[in-house]
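Comments concern the structure below.
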Amino acid sequence: MKDRTNKITIYDIAQHLNLSASTVSRALQNNPLINLETREKVQQTASEMGYVPNWIASSLRKKRSNIIGLIVPRTSMYFQSTAISGIQHEAHKYGFSIVIGQSDETVAMEKELVHTFYSLRVDGLLAVSSMFTTSADHFSPFIKNNIPIVFYDRVPSGFQGYTITGDDFTGGFLATEHLIKQGCRKIAHFSGPLTCNLYQQRLAGYKDALSRYGIPFDEQLVYVHDLTMDAATSAAQEIFDSGQEIDGLFSANDSSAVGFIREARNRQIPVPDKIKVVGYSNDLSSRIISPTLTTIEQSGYNMGQKAVETIVKLINQEESVKIVKNYVFPVELIKRESTNS
1 MKDRTNKITI YDIAQHLNLS ASTVSRALQN NPLINLETRE KVQQTASEMG
51 YVPNWIASSL RKKRSNIIGL IVPRTSMYFQ STAISGIQHE AHKYGFSIVI
101 GQSDETVAME KELVHTFYSL RVDGLLAVSS MFTTSADHFS PFIKNNIPIV
151 FYDRVPSGFQ GYTITGDDFT GGFLATEHLI KQGCRKIAHF SGPLTCNLYQ
201 QRLAGYKDAL SRYGIPFDEQ LVYVHDLTMD AATSAAQEIF DSGQEIDGLF
251 SANDSSAVGF IREARNRQIP VPDKIKVVGY SNDLSSRIIS PTLTTIEQSG
301 YNMGQKAVET IVKLINQEES VKIVKNYVFP VELIKRESTN S
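For reference, each letter of the sequence shown is one residue, going 1 to 341 in the UniProt record's numbering.
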């Protein structure tokens, strides 16, 4: 038995079975040139001896790792977890593995992950930028070396490559228009940091809906924060304590909408009778809060699948296949109790 500092190699397996190392290598790769009985014997022995392939050495030989790096803000976010599920399933179909890193919404960690994945020689990189990422400059190791990179959901300003996004402008418009059609005229908006493309577009959709229906835009009704429940609770307290007589809220995510509803409930302000609320993302929380939350569906799972489909085509250099450079998913308004629907 080898100690932990001396890992089992194909040479150990070859010696144990009295085979050549090349035969063992081919058998482990399920090469049909090696008869089935030998392949099964080698694979069983490798498992029993605790052999783990050195994929870094293998990738250097093949110039292909069959690994795609993935940078997300947080895996705990409902939208990201559903997108990751789509990514994982689709990548497996194409024979790729996924290695995930979380930026924790910090540019510093995002930069570190970019360099880590570049050092690991991944074949491509999927990324969702942090709320505070203002440019794609730190992704230059991939961009300058022509290693495929695809951003989905959140995209840094000025990035000229391949992107997969939801139709955030239309989502913001639909959410606000729905509130207006339900009789709301003084509609607040909870936005994420406006360094981020998502929140820029959702705010723009909100403003356009107000304009279309002849309602003046009031900058005092836009609350910019990190869209957590705590931040939403603080914003709701500010609204209620100031005496703002709002009758509607469009929140750029479901978590902050839920935070607002909870604070309204604590103050015995009825939703939707006095204030109607629309969120964004169709999180699980939107279905279990009371009243259930009207929201915008943006298809995280499908977006993840599309991101993988795109990057695999780029990795395989399928130039004959038309790849949409900036793919936009349609969004859908899901009507529930928080707007009397």
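We put the CB at the ideal spot given by N, CA and C, even for glycine.
I need the DSSP call for glutamine 102, collapsed to helix, strand or coil.
Strand.
If you compare alpha carbons, which of Asn18, Asp230, Ile180 is closest to alanine 209?
If we check each option's Cα against that of alanine 209, Ile180 comes out closest.
Which of helix, strand or coil DSSP assigns to tyrosine 162:
DSSP places tyrosine 162 within a strand segment (E or B) once states are collapsed to three.
Which residues does DSSP list as the beta-bridge partners of glutamate 332?
Beta-bridge pairing links glutamate 332 to Glu297.
Determine the contact status of glycine 172 and glycine 205, defining contact as a CB-CB distance below 8 angstroms.
Yes.
Please name the residue in Glu337, Glu332, Glu309, Asn316 whose C-alpha comes closest to that of valine 324.
When only C-alpha atoms are compared, the closest one is Glu309.
Counting only the same chain and skipping the five closest in sequence on each side, list residues whose C-beta sits under 8 angstroms from that of aspartate 123.
Counting only Cβ-Cβ distances below 8 angstroms, and skipping sequence neighbours, we find Arg64, Ser65, Asn66, Ile67, Ile68, Phe96, Ile147, Pro148, Ile315.
Pick out the complete alpha helix (DSSP H) segments inside the stretch 69 to 127, 4 residues or longer, and give them in chain order.
Counting whole runs of 4 or more residues, the stretch 69 to 127 contains the alpha helix (DSSP H) stretches 78 to 93, 107 to 119.
What is the residue span of the beta strand (DSSP E) that histidine 138 lies within?
No beta strand (DSSP E) contains histidine 138, which DSSP labels as neither H nor E.
Isoleucine 261 burial status per 10 Å Cβ neighbour count (16 or more: buried)
When all chains shown are included, isoleucine 261 counts as buried.
Report buried or exposed for proline 53, applying the criterion of at least 16 other Cβ atoms within 10 angstroms of its Cβ.
In this structure proline 53 is exposed. Its beta-carbon is surrounded by fewer than 16 other beta-carbon atoms within 10 angstroms.
From this set, Gln220, Gly300, Thr82, which residue's C-alpha is nearest glutamine 244's C-alpha?
Sorting Gln220, Gly300, Thr82 by C-alpha distance to the C-alpha of glutamine 244 places Gln220 at the top.
Contact between the stretch 131 to 150 and the stretch 261 to 273: three or more CB pairs below 8 angstroms?
No, the stretch 131 to 150 is not in contact with the stretch 261 to 273.
Whole-angstrom distance between leucine 120 and phenylalanine 329, CA atom to CA atom
Take the alpha-carbon of phenylalanine 329 and the one of leucine 120: they are about 31 angstroms apart.
Between isoleucine 164 and the rest of its own chain, which residues show a CB-CB distance below 7 angstroms, the 5 nearest in sequence each way excluded?
Within the same chain, isoleucine 164 has close Cβ partners Val150, Tyr152, Met303, Lys306, Ala307, Thr310, Tyr327.
Can you tell me whether arginine 336 is buried or exposed, with buried defined as 16 or more other CB within 10 angstroms of its CB?
So arginine 336 counts as buried.
Would you report the Cα separation of lysine 41 and leucine 17, rounded to the nearest angstrom?
Rounded to the nearest angstrom, the two C-alpha atoms are 9 angstroms apart.
Who pairs with serine 256 in a beta bridge, going by DSSP?
Partner(s): none; serine 256 has no beta bridge.
Which stretch, first to last residue, makes up the alpha helix (DSSP H) that contains tyrosine 11?
Residues 10 to 17.
Please state the DSSP three-state secondary structure of asparagine 66.
In the structure shown, asparagine 66 adopts coil according to DSSP, grouped into three states.
Whose C-alpha, out of Gly279, Ile143, Arg287, is nearest the C-alpha of valine 331?
Of the candidates Gly279, Ile143, Arg287, the one whose C-alpha sits nearest the C-alpha of valine 331 is Gly279.
Leaving out five residues on either side along the sequence, give the residues of the same chain with a beta carbon under 8 angstroms from the beta carbon of leucine 36.
Non-local C-beta neighbours of leucine 36 in its own chain, meaning closer than 8 angstroms and more than five positions away in sequence, are absent.
If you check the beta carbons only, do serine 255 and aspartate 283 fall under 8 angstroms apart?
Result yes, Cβ atoms of serine 255 and aspartate 283 sit closer than 8 angstroms.
Runs of beta strand (DSSP E) wholly within the stretch 224 to 288 (minimum 3 residues, chain order):
When DSSP assignments are scanned along the stretch 224 to 288, the uninterrupted stretches of beta strand (DSSP E) that are 3 or more residues long and fall wholly within it turn out to be 248 to 251, 276 to 278.
Quick check on methionine 1: buried or exposed, where buried means 16 or more other Cβ atoms within 10 Å of its Cβ?
A caution first: methionine 1 carries a pLDDT of 44, below 50, which makes its placement in the model too unreliable to give a value.
Can you give me the Cβ contacts of alanine 235 inside the same chain, cut-off strictly under 7 angstroms, excluding the 5 residues immediately before and after it?
Close CB contacts of alanine 235 within its chain, under the 7 angstroms cut and outside five residues either way in sequence, are with Phe190, Tyr223, His225 (chain order).
Quickly, what does DSSP pair alanine 188 with across the bridge? List them, please.
DSSP lists Leu249 as partners of alanine 188.
Taking Cβ positions, are valine 155 and serine 129 nearer each other than 8 angstroms?
For the 8 angstroms CB-CB criterion, valine 155 and serine 129 form a contact.
Which residue comes first and which comes last in the alpha helix (DSSP H) that contains phenylalanine 217?
Counting along the chain, phenylalanine 217 falls outside any alpha helix (DSSP H), and DSSP gives it neither H nor E.
Is it true that the CB of isoleucine 215 sits closer than 8 angstroms to the CB of arginine 185?
In contact: arginine 185 and isoleucine 215 (Cβ atoms closer than 8 angstroms).
Do you know offhand how far proline 291's Cα is from threonine 339's?
Straight-line measurement puts the Cα of threonine 339 at about 9 angstroms from the Cα of proline 291.
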